[in-house]
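Chains as they are written, first to last, in this note's numbering: chain X, 22 to 924; chain D, -13 to 476.
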């Protein structure tokens, strides 16, 4: 028995555990699964009566919701509709979609059946009225509680109203529309009077409604507007093919709620509005003027500001309400059914074609943002709004809970009201943060030579990403530009879209600020306004119109000198002050670069055709199908670029005089074969004015250099490649024979990189620094050559396995032979004499030396680590002679020098 | 909930009870960070969003010990994505004093090995080096932080001048650093890890030149674009880079994984395979997502070069075996340490599953590429346009739809005797604008203008019984074997 109890006990425990687990799982699923999904896509929704039971259970809880006692009771009406006519009215309501093109049940004209009724106000006064349901979409009339239009007789108006609307308050966000109307009134925008009332319909209990006076002349006049206006609205239901009318495409879709008797059936002003709504209309330079001529732009900006405060996206092709005041000839917007939404990025467009175009105008968008910013910065304003919200909730909460016909349960009503209340604050906070964001990218371009010669000192590209526009406020300038400011010789121009400074561009005023900056530098102030505004364009949108990516909208400015004053390289980049145009604080410069357009300005020449090349340099002559050659005596100025795929030859005896800093860069291999009697000479035009380089870059075919005499060149950077050698071959195989390289003023007389080295019978003499510099050679040989009195090293190799033989190096101020960066030379039958180092081996290099003569050097062989990223080097010496050196061996930092059979 | 389950799983995993035995050859580092510094860092990181901001990149002091040598270093977390720094085990950047380098390194990265698909990135590294593509040195290391159990990391030397010089490369470069995702939209988003020492100004016109290939006037002129690409890149190096990426599924070359430097001694851009990762096989008919690579590899010639490289690789069984052996060796190293790494995020079960999956992916990529490259299909239809016995002339139009996946090539064969072969220039008519072809023409299945090509064979009149041949041959441009043809007419 006991055992049985134990077994049952254990079983019971396991079952209880499983039930708890299942319950926890159910809660988990319920928490993470949207109710709609549970109801519509699971078996729960398909269980007969399951959802009804849930609803009943929910409503059973209604009694627990009391709400706070309203400070003031609401007006009470009753509406008694003729029973028969009420039945007719109900039977006329739609039960099917008007067409497959519609998304909802829609109240078409034929469904708008009037019924007679008696309207009784709070004082007991009765009115014979006509009523019908109102509201385009089914939520207004498909259920027990409906929205109504009540029409009074002209003989007996109701508090001056000939017609009023009783709207389901939840359709207007409970208190949201009332709050929007309050805000509208602060901005002097028109809105029909709005308030909460209760209505007993056909004997029902009091039902909560939002009462809004209907559009008519009386309503306008009571608000001190002229009644002789055209008041337009947009909507839908006219067409089989769409639910909402594309009102900004066709004037025919517009309706007048109030019509100016002087211009019946006249819609010309709407036509103007449609023209202004065309995609891209805002780009027209006259757009703003044309808009201002027909629209009260100030009110439009205020309307948009209210919409932004409500996070609104409820005014698209529907909910457009505008009246055209014939006395001013302008449209004014009426904020209608703006509602209240969760915040969304301000990068999203307003939502209809007209507003999209209007608020693509940067100054108008900025004006709206400024208006919002001013509003949300005012704590008193915010506090007032929040108090209003509380006040409205106090007015309606208890009535809402006691409304017996409403569709939602009290739990749902409470949740909706609380959500909406928090949205008010959320929108404030969101807008505060959103408008603080003003991201800008800055690129400062040093112009190329042709632009500099026109006086352009700087090209500024300022790219706005939003949210708020930015403005270029100030530019810190070098002293050399200060005198130019006063008499307008320093100018700022705003590009009008082609990226080129020309007469179509807009001049932007500059003035010198009195106070220097914190570094005592001078500052020019950019006169603000539209011309210094840097605004974001359209964001990238998805198919639902939601912003998925912030824009990149580039604005270009040119800083121009109208005289010969130019900036030095060290003056760049200039310091700029760029502000958030809404908040006035510094904008977020999220990326900033300097670009020197001179670097690659001649790059196009490298792939020019032979024909273009010959036109440019007529002293070159054509040869064969794609060759060119030089022959005779020439003076070259500037930089000559020989394109790829050309066969380039220089004839024996050619003398090329190079002007100051002149260079020849060839992307093709070169055949420079002179003869002993007729060498090819490359020399400076004027002895004391070094030229640049003669370089070959990335030529696939091997070059041949024989019997050339090059002197007086230096270094150059051409087309983004740095050449340190007077004669340079980078990644271009070459054989150099029987030549003289002398008196180079730059780093190297001859520099070879990434090639197989083949140097034979070449003399390197009196070059200012290194005679021969080889980097990252594939392999190769230096032989039978002479290095005399070079200013730094005779031979400098790095990263290269080479053979050096039958060569003499003497009189180098630093090293006769310098071996670095993992090189592995074999050096034999070579003399190094009268240098500081005869041979220096560094940085994980390993040299093998045979039959060398080390004579009269300060240090015959040195080995050490120069860069501590490398391992120690080594040198192996055999059969070599050391004579009259100050020191034969110096091994440092772990280097190893091994000498066998030395004499 | 997932974290709770994971924690429970890790705690009961018996492998983690036993201390790790670090395999020979795998370095071991011990790092000491002050508790306060670690706490502050974790507090800062809790406020980070989805991408590591500058606020999160704070340097803290630490002692780094290896082989009894103590280095005073600075460390910070690294890695844009939260997986690198939001959990207990983080990825690190370590900076050594310039006078006390660690194995010649100034800066190193310790990266979570799972972020690099375990052994896959080391295999990518090996392949890249075999292809003579620049790679930062990388290896597995075991690291203890504040006396933790040894953690497995992938050590990668950071992009520094020293790293380049040690590899025999010029340091006269701009090594670009892209911002996350929007790199190719605006030049101002670019920055550099390394600046050229030959430039007077810190300026980025080399990057600007690169962008002009994708945006701007250069991009719109196809002959200029082609010339620029040839000028600015080594063709073979580019093809090797792409082949390397395809071997790993070519899935990770988005904005922030582009590693490229401009060499001022060569005037060339050099692509560096970085964070190539490993993905499921991708068809060779899909171009890279990244706009730069998409532009560079739009040309059939460049892709063909890439595919030839791949074919040579995939046909070399010895090389494949070496790679697989290497991958297995690295896997063994990983498994000897990672299962006992108590700080790691995944469970051992998840890791083992991932390791198996990675090996499958390596094999799948190789087999898929081999399959695709060896397959060249085309649909061919033809029509006699003109036939004149009097003029002794016959013109036949031949339409070829290149279906790929591999690029094929078409040439004239001799079956029509003395005839000429023309390529239509787009108006579908045989006229004087058509181009006389003397060499093979590539048939690109993903050509921009469409994969339908029209040719004309113009030759002497032959009777219907004279020849049944089309007069052309279409071959797989990589393997040289005949393409698979579907003849549609007549």
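Glycine residues also receive a C-beta, built at the ideal position from the N, C-alpha and C atoms.
None of these values were measured; they are calculated from a predicted model.
Could you list which residues in chain X have their beta carbon closer than 7 angstroms to that of residue i, in chain order?
i                      : result
residue 213 of chain D : 628
residue 194 of chain D : 616
According to the neighbour-count rule (16 or more other Cβ atoms, all chains shown, within 10 Å of its Cβ), is residue i buried or exposed?
i                      : result
residue 430 of chain D : buried
residue 32 of chain X  : exposed
residue 68 of chain X  : exposed
residue 219 of chain X : buried
residue 452 of chain D : A caution first: residue 452 of chain D carries a pLDDT of 45, below 50, which makes its placement in the model unreliable, though a value can still be read off. Flag for residue 452 of chain D reads exposed.
residue 548 of chain X : exposed
residue 450 of chain D : With a pLDDT of 44 at residue 450 of chain D, under the threshold of 50, the modelled position of that residue is not reliable, and no figure is offered here.
residue 164 of chain X : exposed
residue 238 of chain X : buried
residue 47 of chain D  : exposed
residue 296 of chain X : exposed
Please list the partners that residue i has in chain D, where partner means a Cβ-to-Cβ separation under 7 angstroms.
i                      : result
residue 799 of chain X : The contacting residues do not exist; residue 799 of chain X stays about 11 angstroms from chain D at best.
residue 752 of chain X : 252
residue 464 of chain X : 173, 174
residue 889 of chain X : 87
residue 743 of chain X : 158, 184, 250, 251
Check the DSSP bridge columns for residue i and list the partner residues they point to.
i                      : result
residue 868 of chain X : X:896
residue 429 of chain X : Beta-bridge pairing links residue 429 of chain X to no other residue.
residue 497 of chain X : X:544
residue 150 of chain X : X:138, X:173
residue 704 of chain X : X:678
residue 883 of chain X : X:861, X:911
residue 418 of chain D : None; residue 418 of chain D has no bridge partner.
residue 199 of chain X : The partner list for residue 199 of chain X (beta bridge, DSSP) is empty, contrary to what the question assumes.
residue 128 of chain D : D:14, D:138
residue 613 of chain X : X:463
residue 831 of chain X : X:809, X:854
For the alpha helix (DSSP H) containing residue i, name the first residue and the last one.
i                      : result
residue 292 of chain X : 289 to 296
residue 751 of chain X : Residue 751 of chain X -> not in any alpha helix (DSSP H); beta strand (DSSP E) instead, spanning 746 to 751.
residue 343 of chain X : Taken as a continuous stretch (DSSP letters only), residue 343 of chain X belongs to no alpha helix (DSSP H), being part of the beta strand (DSSP E) at 342 to 346.
residue 15 of chain D  : No alpha helix (DSSP H) holds residue 15 of chain D; the beta strand (DSSP E) holding it covers 14 to 19.
residue 504 of chain X : 503 to 507
Where does the unbroken beta strand (DSSP E) through residue i begin, and where does it stop?
i                      : result
residue 858 of chain X : 858 to 863
residue 57 of chain D  : 55 to 63
Kindly list, in the order they appear in chain X, the residues whose Cβ is closer than 8 angstroms to that of residue i.
i                      : result
residue 58 of chain D  : Near residue 58 of chain D there are no residues of chain X at all, since even the closest Cβ is about 16 angstroms away, more than 8 angstroms.
residue 550 of chain D : Because residue 550 of chain D is not part of the residues shown, which for chain D are -13 to 476, the question remains open.
Residue i touches chain X at which residues, Cβ-Cβ below 9 angstroms?
i                      : result
residue 144 of chain D : Near residue 144 of chain D there are no residues of chain X at all, since even the closest Cβ is about 13 angstroms away, more than 9 angstroms.
Show which residues of chain D have a CB atom less than 9 angstroms away from the CB atom of residue i.
i                      : result
residue 390 of chain X : Those do not exist, as residue 390 of chain X stays about 23 angstroms from chain D at its closest Cβ, beyond 9 angstroms.
residue 596 of chain X : Here the premise fails: no neighbours, minimum Cβ distance about 15 angstroms.
residue 573 of chain X : 168, 171, 172
Along chain D, in chain order, which residues have C-beta atoms closer than 8 angstroms to that of residue i?
i                      : result
residue 450 of chain X : The premise fails here: residue 450 of chain X is roughly 18 angstroms from chain D at the closest Cβ pair, so nothing lies under 8 angstroms.
**Asked** Is the region 593 to 608 of chain X touching the region 479 to 498 of chain X in the sense that three or more CB pairs, one from each, lie closer than 8 angstroms?
**Response** yes
**Three or more C-beta pairs below 8 angstroms linking the region 700 to 710 of chain X and the region 724 to 732 of chain X** = yes
**Message:** When you compare the region 106 to 124 of chain X with the region 64 to 83 of chain X, are there three or more beta-carbon pairs, one atom per stretch, that lie closer than 8 angstroms?
**Reply:** no
**Asked** Which residues, taken in chain order from the region 832 to 845 of chain X, show a beta carbon closer than 8 angstroms to some beta carbon of chain C?
**Response** As a matter of chain content, chain C is missing from the structure shown, whose protein chains are X and D.
**Message:** Can you confirm whether the region 632 to 645 of chain X touches the region 497 to 509 of chain X when touching is taken to mean that 3 or more C-beta pairs between the two stretches lie within less than 8 angstroms?
**Reply:** no
**Asked** Does the region 547 to 564 of chain X come within contact of the region 377 to 388 of chain X, defined as at least 3 CB pairs closer than 8 angstroms?
**Response** With contact defined as three or more Cβ pairs closer than 8 angstroms, the region 547 to 564 of chain X and the region 377 to 388 of chain X are in contact.
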